[in-house]
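Everything on this sheet refers to the single structure shown next.
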Amino acid sequence: MLELTHNNVHNYFKINGYHLNAADLCRVAYSYIKEGDSNEQAIGEFLLDWFDNKEFIEMKTSGTTGLPKLVRLEKRAMIHSALATGDFFLLEPGDKALLCLPVQFIAGKMMLVRSLILGLDLDIVTPGTTPLALNTTVYNFVAMVPLQVQNSIEALKNVKKLIVGGAKMDAALEEKVLPLKTEVYETYGMTETITHIAARKVGENVFTVLPNVKIEQDDRGCLVITIPVMSEDPVVTNDLVEIVRENQFLFLGRIDNVINSGGVKLIPEQIEAKLLDRIKSRFFVTGIPDSVLGEKLILVIEGEKQDFPTDFFDGLGKYEKPKEIVFVPKFKENENGKLLRKRSLD
Numbered sequence: 001m002l003e004l005t006h007n008n009v010h011n012y013f014k015i016n017g018y019h020l021n022a023a024d025l026c027r028v029a030y031s032y033i034k035e036g037d038s039n040e041q042a043i044g045e046f047l048l049d050w051f052d053n054k055e056f057i058e059m060k061t062s063g064t065t066g067l068p069k070l071v072r073l074e075k076r077a078m079i080h081s082a083l084a085t086g087d088f089f090l091l092e093p094g095d096k097a098l099l100c101l102p103v104q105f106i107a108g109k110m111m112l113v114r115s116l117i118l119g120l121d122l123d124i125v126t127p128g129t130t131p132l133a134l135n136t137t138v139y140n141f142v143a144m145v146p147l148q149v150q151n152s153i154e155a156l157k158n159v160k161k162l163i164v165g166g167a168k169m170d171a172a173l174e175e176k177v178l179p180l181k182t183e184v185y186e187t188y189g190m191t192e193t194i195t196h197i198a199a200r201k202v203g204e205n206v207f208t209v210l211p212n213v214k215i216e217q218d219d220r221g222c223l224v225i226t227i228p229v230m231s232e233d234p235v236v237t238n239d240l241v242e243i244v245r246e247n248q249f250l251f252l253g254r255i256d257n258v259i260n261s262g263g264v265k266l267i268p269e270q271i272e273a274k275l276l277d278r279i280k281s282r283f284f285v286t287g288i289p290d291s292v293l294g295e296k297l298i299l300v301i302e303g304e305k306q307d308f309p310t311d312f313f314d315g316l317g318k319y320e321k322p323k324e325i326v327f328v329p330k331f332k333e334n335e336n337g338k339l340l341r342k343r344s345l346d
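In full-length UniProt numbering, the protein residues as written are 1 to 346.
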């Protein structure tokens, strides 16, 4: 079997309706860089990087698993990631796909790579909050961030399979997409793992890993990921998980967010899940320094101050009830809409 390289372009591949080979794509890339908008320029720069003689590309991580840093991603590993996605989601050559994410980030780059390697018929639109507006094309495969999904509920009838990443889907959004015929998956991954390594179908709790991905826990209870076809070096995360099967895990929360209040360790994400149906605004729980408890559990709500009944926190565990409620006019987010807790509280 002929080994795939980054110079191969699948003969079913199309971009905006046109069959293009590697030479054609490089010409398009130069045109994008010279005459295109900022998104087209980013596409052009990535295409030239992809087809050059180097075996890797360089990009910055998002900072989800630590401080942002420059990493080298092997093109061979990116190809294996694309193949794993194709296997997991049963994608076929000629399937219609949509790129509506910024190519400056790994998710956007990988939609291009998947299309090149798997032979997808790719349409490109300018990234925005309503990517399917005025678009009646039926797509087999689309990737979005939660905000784009929120603004595209009606239009999702034209999407067969949708993957959602960049930030966690909240319960309210899941309820909106659950009745749809669209297969919707929340993905789990990061730049270091070359986008997603696992996906969870909306309505289910556990994440299932993609082919050739191995998972385990370290002594903190955090997820450790190994992808032998990409690298022998494991990726150690700060995500607390419960390993359900050798290829499935339950996400519990970020160890960075864990609150130690009076010797009791509290996982904010689990407390927040219990409050989702009670608070209409965006919110999170966190800990702040306290002279008696070490850390004091507080509830932070976006918007104007409001009053709550005395029995509002009934049903929460003894240590899960917030000691204080703080109101913040507007939460801080990153480019993907992911809530930045510390910056919002500051």
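Note that beta-carbon positions come from the ideal geometry of N, C-alpha and C, so glycine has one too.
Which of helix, strand or coil DSSP assigns to residue i
| i | result |
| --- | --- |
| T65 | At T65 the pLDDT is 47, less than 50, meaning the model places this residue with poor confidence and gives no usable figure here. |
| L178 | coil |
| A143 | strand |
| F105 | coil |
| N260 | strand |
| I255 | helix |
| L4 | coil |
| K34 | helix |
| D311 | coil |
| G94 | coil |
Rounded straight-line distance, which links the Cα of residue j to that of residue i
| i | j | result |
| --- | --- | --- |
| T126 | P289 | 44 Å |
| L4 | L116 | 11 Å |
| N39 | R343 | 27 Å |
| N11 | N247 | 33 Å |
| A171 | K280 | 11 Å |
| T129 | K321 | 35 Å |
| A199 | D24 | 34 Å |
| L98 | L316 | 42 Å |
| G165 | I106 | 11 Å |
| N151 | V177 | 11 Å |
| T65 | E175 | Only weak support exists for where T65 lies, its pLDDT of 47 falling under 50; the value from the coordinates is given anyway. Distance between the alpha carbons of T65 and E175 is about 28 Å. |
| T193 | V149 | 24 Å |
| L180 | P146 | 16 Å |
| T137 | V244 | 38 Å |
| L122 | I57 | 22 Å |
| L340 | L223 | 21 Å |
| E168 | Y32 | Here residue 168 is Lys; the residue named in the question, Glu, does not match the sequence. Spanning the two alpha carbons is a distance of roughly 32 Å. |
| L70 | D307 | 46 Å |
Identity of the residues DSSP links to residue i by a beta bridge
| i | result |
| --- | --- |
| C222 | L240 |
| G189 | H196 |
| V159 | Y139 |
| S231 | I227 |
| L325 | What sits at residue 325 in the sequence shown is Ile, not Leu. DSSP lists L299 as partners of I325. |
| D277 | Note: D277 sits in no beta bridge, so no partner. |
| D346 | Partner(s): none; D346 has no beta bridge. |
| M110 | Beta-bridge pairing links M110 to no other residue. |
Minimum C-alpha distance to residue i - residue among the options
| i | options | result |
| --- | --- | --- |
| L345 | I301, T310 and P93 | I301 |
| G263 | G287, F56, K34 and K157 | G287 |
| K160 | Y185, M59, V145 and G166 | Y185 |
| R220 | A155, E242, K201 and K176 | E242 |
| L297 | D311, G315 and K265 | K265 |
| V229 | A77, F283, Y18 and I57 | A77 |
| G294 | T226, V258, K274 and K305 | V258 |
| R282 | I153, F327, L48 and K69 | F327 |
| D277 | N16, F312, S261 and F249 | F312 |
| Y139 | A273, A42, V103 and E183 | E183 |
| F89 | D307, V209, D314 and I271 | V209 |
Say whether the stretch 198-218 touches the stretch 93-104, bearing in mind that this needs 3 or more beta-carbon pairs closer than 8 Å, one atom from each stretch. Touching, no.
Touch check for the stretch 229-236 and the stretch 246-266: three-plus C-beta pairs under 8 Å? With a cut-off of 8 Å, the stretch 246-266 and the stretch 229-236 do not count as touching, because too few Cβ pairs lie within range.
Three CB pairs or more closer than 8 Å across the stretch 74-82 and the stretch 100-119: With the cut-off at 8 Å, the stretch 74-82 and the stretch 100-119 touch.
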